[in-house]
Amino acid sequence: MHASRNSGYLPGVKQESTKPGRNLSTRNKVGPMLAANGLYKFYGSVPAVQDVTFTLEPGQVLGYLGPNGSGKSTTVKMLTGLLEPTDGEVTHNGQNIHKDLAAYRRRLGYVPEEANLYPYLTGQEYLDMVGTLRAMPDSRKNARINSLLELFTLWPHRHVTLGSYSKGMRQRILLIAALMDNPDLLILDEPLSGLDVTSALIIKNLIQALSARGKSIFYCSHILEVVEKVCSHLIVLRRGQVIAHGATSEFRERIGTSSLEGVFLHLVEEKDVTKTAHEIVDVVVSA
Amino acid sequence: MRKFLQAHWESFSRTPFGCLLRLFVARMFHGGDEPGAEELDLGIGVIVIMLAMPGVLVSLLMFEKYGSLIRFLRGNPIFDPYTATMPDEYFFLVLSLVVTGTAALWRWDALFLDRRDYTNLVPLPLSLRAIFFANLSAILALATLLTIAVNAASLVFFPMAVVGSQNSFAVWIRFTLGHAVAVFTASAFSFFAVFALAGLLMALLPAAVFRRVSHAARFILAVVLLALLASSFTVPYLLTKLSVPTAHKIALLPPVSFLGLARTVWLKGADPFAATMSKAALSAAGLTVLVAFIAYALSFRRSFIRIPEMADAGPLPRFRHSVSPLAPLHKAFLRSASQRACYHFVSRTLLRSDGHLQILLGFAALGLVLSAETLSSARDLHALVTGQSPPAEFLSVFFILAFCIIVGIRFAFEMPANLRANWIFRYWLDPSQHDARPIARRVLLLFSLPWLAPAAFFSILFFWRWTTALLHTAILIACTVVLVELVLIRFRKIPFTCSYPSFQSHSALIFVAHLFGLVLFTDYLPQIEHWSLLNPWQSIVFAPLLAAALLALRQYRKQMLDMDKTLIFEEPSPSAF
Chain A
79 MHASRNSGYL
89 PGVKQESTKP
99 GRNLSTRNKV
109 GPMLAANGLY
119 KFYGSVPAVQ
129 DVTFTLEPGQ
139 VLGYLGPNGS
149 GKSTTVKMLT
159 GLLEPTDGEV
169 THNGQNIHKD
179 LAAYRRRLGY
189 VPEEANLYPY
199 LTGQEYLDMV
209 GTLRAMPDSR
219 KNARINSLLE
229 LFTLWPHRHV
239 TLGSYSKGMR
249 QRILLIAALM
259 DNPDLLILDE
269 PLSGLDVTSA
279 LIIKNLIQAL
289 SARGKSIFYC
299 SHILEVVEKV
309 CSHLIVLRRG
319 QVIAHGATSE
329 FRERIGTSSL
339 EGVFLHLVEE
349 KDVTKTAHEI
359 VDVVVSA
Chain B
53 MRKFLQAHWE
63 SFSRTPFGCL
73 LRLFVARMFH
83 GGDEPGAEEL
93 DLGIGVIVIM
103 LAMPGVLVSL
113 LMFEKYGSLI
123 RFLRGNPIFD
133 PYTATMPDEY
143 FFLVLSLVVT
153 GTAALWRWDA
163 LFLDRRDYTN
173 LVPLPLSLRA
183 IFFANLSAIL
193 ALATLLTIAV
203 NAASLVFFPM
213 AVVGSQNSFA
223 VWIRFTLGHA
233 VAVFTASAFS
243 FFAVFALAGL
253 LMALLPAAVF
263 RRVSHAARFI
273 LAVVLLALLA
283 SSFTVPYLLT
293 KLSVPTAHKI
303 ALLPPVSFLG
313 LARTVWLKGA
323 DPFAATMSKA
333 ALSAAGLTVL
343 VAFIAYALSF
353 RRSFIRIPEM
363 ADAGPLPRFR
373 HSVSPLAPLH
383 KAFLRSASQR
393 ACYHFVSRTL
403 LRSDGHLQIL
413 LGFAALGLVL
423 SAETLSSARD
433 LHALVTGQSP
443 PAEFLSVFFI
453 LAFCIIVGIR
463 FAFEMPANLR
473 ANWIFRYWLD
483 PSQHDARPIA
493 RRVLLLFSLP
503 WLAPAAFFSI
513 LFFWRWTTAL
523 LHTAILIACT
533 VVLVELVLIR
543 FRKIPFTCSY
553 PSFQSHSALI
563 FVAHLFGLVL
573 FTDYLPQIEH
583 WSLLNPWQSI
593 VFAPLLAAAL
603 LALRQYRKQM
613 LDMDKTLIFE
623 EPSPSAF
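Protein chains in written order, with the numbering used here: chain A, 79 to 365; chain B, 53 to 629.
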């Protein structure tokens, strides 16, 4: 993984590292699977993201962490081509994604943060629509939809409209939609949102299994335990800037904390969380 | 042939463009609102039938009017269909404009691609151009469907009723062609005019401002459409009586221009006035379609493509009132904590929820048009403000506005806001406390009287004595209070928290009762008031009348079972009996 130019909090973190045993493809001969080169995004004069640089190789799971409003979603939108950066570029296999956005998106599976689906379509209709829009052949599309609906335990609800689905069910539909065309690159924005324990465990294992098959996964979340378990590498963002990056194990070694939660608090939070909790209790119980 | 078309359609709909087209057509009928909004989902078939119904009903009435036996009995066996049908043709044109315009107004938001489309479609390997053209095709398909649905019945039945007895195929063809060209062009004009306005506003205004301005725009459009509908009672008469130079003034009205189009086809261009009007109609329709396409392209570029930036930048801050002018009234009227909480929920939902505000503005527009119609129907306009006491037409304006606002809000109460959020009321309110009606009553009164009563008082005071103003205001307040009690007689919900009421067997009766109420409240009451204001002592007649009404309502509620007064959150299904 490549580092940001202005990495500050963790000097000395290795610039290039992959987890041992990962099955890397030869794709990076033409350039990394995904690379962000000096990304900047300004809304008016307000900076949302500043100088974000990293690379994502096949088989890597890159965790993207940061508190609310730190610029995670803006970065994800730039990586998916929904937003054009004010400066810098996102490349896929060495080519700027905006040169052939449709080709890039054919290889991309994306789970957005918000499951804002068409409430009048049934689960099956929605997946069928996504498959058709992805120009999947009918036989492959139908086989994939049926199998994935079964595996994600949505088969009995396939003819129910999405408006009646629970948040977890909608999230599973989004995951199926992202996976159904066998993408090389997955960008997941809070993919476990609303999922029950079993589904969340399946997804965690799924991410690891996909990375073992050489898929690149960009995992954006603030659920630290999950990130700690599934991500080989981490980037921590604060106020739009990368403040740390490197392999997950190196983070803990550097900070000297056993959990990622401790690392995160050390890096990002300026507040004394214990003190804040006590202040809240004082307000609640005050006369 | 059918199989061939079906096979082609199926293979087309399996292509990405066909799939997008199907999706966009469906979203126009099922709604394009933000997530969480509860919407009445009627389905395409029901909507098409509803749109066709006015045309069917009016066309069927034409058989009675133009039947050869009826004409024979009237002593008018031979007639010129092109001249005799002018008022009815005008009415059909108005109907086309109003029904199509209303349907376009109703789907105002759903015509344009929104955040949901962006989130679901743009990350897929599709070009923006494909999305742009698929939605444009869907809009054209919707315009075609609306045009056909609204006018199909009149296209078949109206010529049949008018020229069926003429025994001339050529006359029948010419009449049908003239009518078809005029009503189809009128419908297309109406649809694209609404679409162009929405597109221009979307293209020119920032997203957050657009949402606020679009309420005002829709209100103005609703007033215009209702005014057009009202014009069908006077304009045809004016057209037959006015001289040509004067008639040019009313040629600015769209239905008059489209009538010119029909007459040009009927008379083969022999009427120069009609030819001028038809040129204006065709130019206006063409220009509207052109502006609509430009506005759509601009709004796509300025609004849809920039959705992720707008979502990240966030909405405009809402204007905060530090001191509400109605705060003293709230303190006096809203005594318990639950009443205050529910009132604030209801009033904010009414003013901020798109669907509910649309209903309220629609009824307000109806009130304004009815008021204007009533004032203009006065025999002597000068006498409106110079008599000994205000004439009934003048007095009825305030009664009409009160009726429309109260019935409009009461109607909006039946539309759920977000059923998933109603748990808070289910959790906190005691169903046996009967809080629902007092809350609804206060909302209705606080949304009508605080502005209507001063308006009534000062407008009467401006032209007449202060005692007349005072009496009129007191009568208006008392009558409004009785009306509020009447519309809430069986009400037992917290507004906006209950599921949609199911269609009931007595829905037609409720509609007729409202019509009867409208006539009673806005016609008879002002006449009684006009009589009573001639001698202030005669106003006492209102006291026993209103007291009796209140007493009867009270007795009716007393004899209701407790279970019929309990707070509900789900509308029970109508009984099988």
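Glycine included, C-beta positions come from ideal geometry on N, C-alpha and C. Nothing here was measured: the structure is a model prediction, and the numbers come from that model.
As assigned by DSSP and simplified to three states, the class of residue i
| i | result |
| --- | --- |
| V320(A) | strand |
| H408(B) | helix |
| V238(A) | coil |
| D259(A) | coil |
| F285(B) | coil |
| C531(B) | helix |
| T104(A) | Only weak support is given to the placement of T104(A): the predicted model assigns it a pLDDT of 42, under 50, and the value that follows is read from those uncertain coordinates. Reduced to three states, the DSSP call for T104(A) is coil. |
| A59(B) | helix |
| S390(B) | helix |
| S123(A) | coil |
| G166(A) | strand |
| F463(B) | helix |
| L103(B) | helix |
| F296(A) | strand |
| D616(B) | helix |
| Y188(A) | strand |
| E86(B) | In this prediction, E86(B) has a pLDDT of 46, which is less than 50 and means its spatial position is unreliable; nothing more can be read from the coordinates. |
| H311(A) | strand |
| L229(A) | helix |
| T316(B) | helix |
| F131(B) | coil |
| L305(B) | coil |
| L134(A) | strand |
| N174(A) | strand |
| V362(A) | helix |
| I346(B) | helix |
| S95(A) | Residue confidence for S95(A) is low, a pLDDT of 38 falling below 50, so the modelled location carries little weight; the figure read from the coordinates is stated next. Here S95(A) sits in coil by DSSP. |
Between the CA atoms of residue j and residue i - distance to the nearest angstrom
| i | j | result |
| --- | --- | --- |
| A521(B) | I562(B) | 34 Å |
| I644(B) | L72(B) | The first residue shown for chain B is 53 and the last is 629, placing residue 644(B) beyond what the model contains. |
| W61(B) | K282(A) | 42 Å |
| D178(A) | N171(A) | 12 Å |
| S244(A) | N146(A) | 24 Å |
| A333(B) | G166(A) | 53 Å |
| S500(B) | I476(B) | 28 Å |
| K55(B) | K219(A) | 25 Å |
| P175(B) | V343(B) | 30 Å |
| L232(A) | S189(B) | 34 Å |
| S327(A) | Q138(A) | 14 Å |
| S271(A) | E303(A) | 14 Å |
| I321(A) | L481(B) | 50 Å |
| V361(A) | T354(A) | 11 Å |
| G229(A) | D206(A) | The residue you asked about is not Gly; residue 229(A) is Leu in the sequence shown. Near 17 Å, if we compare the C-alpha coordinates of D206(A) and L229(A). |
| L113(B) | I529(B) | 41 Å |
Check whether residue i and residue j have beta carbons under 7 Å apart
| i | j | result |
| --- | --- | --- |
| V208(A) | A278(A) | no |
| V534(B) | L598(B) | yes |
| R168(B) | M80(B) | no |
| F243(B) | L198(B) | yes |
| L140(A) | L134(A) | yes |
| P234(A) | G187(A) | no |
| A508(B) | F446(B) | no |
| H237(A) | T200(A) | yes |
| L277(B) | V150(B) | yes |
| E268(A) | S299(A) | yes |
query: Hey, which unbroken runs of the beta strand (DSSP E) at 3 residues or more fall wholly within the segment 140-228 of chain B?
result: none
- request: Scan the segment 503-589 of chain B and note each continuous alpha helix (DSSP H) run of 4 residues or more that stays entirely inside, going in chain order.
  value: 518-539, 559-571 and 577-586
- prompt: What are the residues of the segment 206-220 of chain A that lie near chain B, defined by any Cβ-Cβ distance shorter than 8 Å?
  reply: M207, V208, T210, L211, R212, A213 and D216
message: Can you pull out the residues from the segment 255-285 of chain A whose beta carbon lies closer than 8 Å to at least one beta carbon of chain B?
response: none
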